[in-house]
Amino acid sequence: MVGVINFLKRGAARILMKPNALSLFVWMLALIVSIVPMFILTGLQKKFLGDRCSR
Numbered sequence: 011m012v013g014v015i016n017f018l019k020r021g022a023a024r025i026l027m028k029p030n031a032l033s034l035f036v037w038m039l040a041l042i043v044s045i046v047p048m049f050i051l052t053g054l055q056k057k058f059l060g061d062r063c064s065r
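Numbered by our numbering, the letters in the sequence shown go through residues 11 to 65 in order.
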């Protein structure tokens, strides 16, 4: 996980220095891939906890 964050930071620095479309696209893709699972996991947790609480 730390490696992913370091990779994103390096990518962000590289894009800020010389922004081109491909690196921006790749960085956005990496960001989405790292964020989406967190949303899915929290959503599933809320769903299961909500089901348990309502019963």
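For every residue, glycine included, the Cβ atom is placed at its ideal position computed from N, Cα and C.
Keep in mind the model is a prediction, meaning the values are calculated, not measured.
CA nearest to the CA of residue i, picked from the options
i, options, result
"F35", "V12, G60, G21", "G21"
"W37", "A23, G60, F58, R62", "A23"
Whole-Å CB distance - residue i paired with residue j, under 8 Å assumed
i, j, result
"L18", "L32", "Between L32 and L18 the Cβ distance is about 16 Å, and since that is not below 8 Å, they are no contact."
"S44", "V14", "6 Å"
Assigned secondary structure, residue i (DSSP; H/G/I helix, E/B strand, else coil)
i, result
"N30", "coil"
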